[in-house]
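First up is the structure itself, then whatever we jot down about it.
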Amino acid sequence: VQKHLFEEECALACAPRVIPFGPVMVAPVIMAFGNAEQQQRFLPGIASGEVWWSQGYSEPGSGSDLASVKTRAERQGDHYLVNGQKTWTTLGQYGEWIFCLVRTSTEGKPQTGISFLLIDMKTPGVTVRPIKLLEGECEVNEVFFDNVKVPVENLIGEENQGWTYAKHLLSHERTNIADVNRSKRELERLKRIAKAEGVWEDPRFRDQIALLEVDVIALEMMVLRVLSAETSGKNPLDIAGLLKIKGSEIQQRYSELMMLAAGPFSLPFIEEAMEAGWQGDFPGGEVANAPLAATYFNMRKTTIYGGSNEVQRNIVAQTVFG
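full-length UniProt numbering numbers the first residue of the sequence shown as 1 and each following residue consecutively.
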């Protein structure tokens, strides 16, 4: 609840967002399943923001089907030898540590052979390769592991129990992806753009904004239900999938409506024009609207990462509705 209130105030103030991989994702796993030494070693750096974490889940061919991960960790005495590849690692070029799902056994169901490892990205054999996205940014990366030695003490919990820890993490990630506080702020921004550009006078456009606002309010109520469940010690994983679906679709809708409202002023812009001290002509119309195209393109991925919405609907159908 305190985290939700803090993020709401940050969103209202347009403050920079806290990068979620440390405090939102891996920290709850370490707190719930890590031993005392791991908690003492890793949590202070996460809390202070001094250590940048990355997420090593998706692989080529193993995205929403996360249980099919193939990155292998072979136990050799007091360390694991890790070989494989992760992809779509967000901001991995800045990462100092990465939490990874690795395969430690091929026996039984795919889920039963997965372990949760913490890997220092400065370890020899770790290679990071940026991937350029549609809007021109290198936000995601490929990460390669070539005979990377990882101390056994970096294993979270028990070997082959990583699937349990991964699901615990995903419940926090999907709640974070819903990002209702940001959607509330962007909804108000959409109204300002619509009024400034004159489309607010169109009743059909106002109807679309009204429907979006209703969904944002409903999403906030769902988020508060999850917070209440967590406070009561219940597992909100099933509801978290619903939040991810609705939140990501809302983000795509408001970014599209902003583009429509701003019209030609939302066209792509020169990146350097966003920096302080730019002396050239502004290439894209009004300063406040120029980044909208990049935001629109970036938001196309929200229904895919964190478990695609199609897969989330299947999970909700099975776990919530039976």
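In this text, a Cβ means the ideal position worked out from N, Cα and C, and glycines have one as well. All figures in this text were calculated on a predicted structure; none of them were measured in a lab.
Euclidean distance between Cα positions of residue i and residue j
i	j	result
Ala218	Gln208	16 Å
Gly284	Ala293	With a pLDDT of only 45 at Gly284, under the threshold of 50, the placement of this residue in the model should not be trusted, and no figure is reported.
Gln252	Phe145	34 Å
Ile30	Glu256	38 Å
Gly198	Ala210	17 Å
Leu70	Ala262	Looking at the sequence provided, one finds Lys at residue 70 rather than Leu. Answer to the nearest angstrom: the Cα atoms are 45 Å apart.
Gly247	Tyr80	38 Å
Tyr296	Glu74	42 Å
Ser308	Ser64	6 Å
Gly49	Gly108	39 Å
Gln312	Gly241	6 Å
Leu12	Pro28	26 Å
Ser62	Gly113	15 Å
Gln2	Glu8	10 Å
Phe42	Met259	42 Å
Leu133	Phe265	22 Å
Arg185	Leu170	25 Å
Val143	Thr127	6 Å
His4	Pro20	13 Å
Gln40	Gly22	15 Å
Gly95	Asp120	9 Å
Tyr254	Asp78	51 Å
Lys122	Gln161	26 Å
Thr164	Lys191	43 Å
Enclosing alpha helix (DSSP H) for residue i [first to last residue]
i	result
Gln312	Asn309 to Thr319
Gly34	Gly34 -> no alpha helix (DSSP H), and no H or E assigned at all.
Ser183	Val180 to Glu197
Gln55	Per DSSP, Gln55 belongs to no alpha helix (DSSP H); it is in the beta strand (DSSP E), Trp53 to Gly56.
Ile217	Pro203 to Thr231
Phe297	Leu292 to Met299
Ala11	Gln2 to Leu12
Counted within 10 angstroms of its Cβ, other Cβ atoms place residue i as buried (16 or more) or exposed
i	result
Arg17	exposed
Cys138	exposed
Glu188	exposed
Val320	exposed
residue 328	Because the chain in this structure spans residues 1 to 322, residue 328 falls outside the shown range and cannot be described.
Phe282	Annotation note: pLDDT 47 at Phe282 (below 50); position unreliable, no value reported.
Lys86	buried
Ala194	buried
Gln318	exposed
Gln38	buried
Phe116	buried
Gly306	buried
Rounded distance between the beta-carbons of residue j and residue i, thought under 8 Å
i	j	result
Gln93	Pro44	About 24 Å; that fails the 8 Å criterion.
Ile156	Leu101	Between Leu101 and Ile156 the Cβ distance is about 11 Å, and since that is not below 8 Å, they are no contact.
Ala166	Val223	Incorrect: roughly 22 Å between the Cβ atoms, too far for contact.
Val51	Trp97	6 Å
Val150	Val214	Actually they are not in contact, since the Cβ atoms of Val150 and Val214 sit about 48 Å apart, beyond 8 Å.
Gly56	Arg72	About 13 Å; that fails the 8 Å criterion.
Thr90	Val140	5 Å
Thr175	Leu243	6 Å
Thr104	Glu158	Rounded, the Cβ-Cβ distance is 10 Å, inconsistent with contact.
Gly125	Asn154	So it is not a contact: roughly 15 Å between Cβ atoms.
Residue i Cβ short of 7 Å to the ligand ZN heavy atom set
i	result
Ala210	No copy of the ligand ZN appears in this structure; indeed no ligand is present at all.
Q) What are the complete beta strand (DSSP E) segments, minimum 3 residues, inside the segment 68–150? A) 72–76, 79–86, 97–103, 114–120 and 126–131
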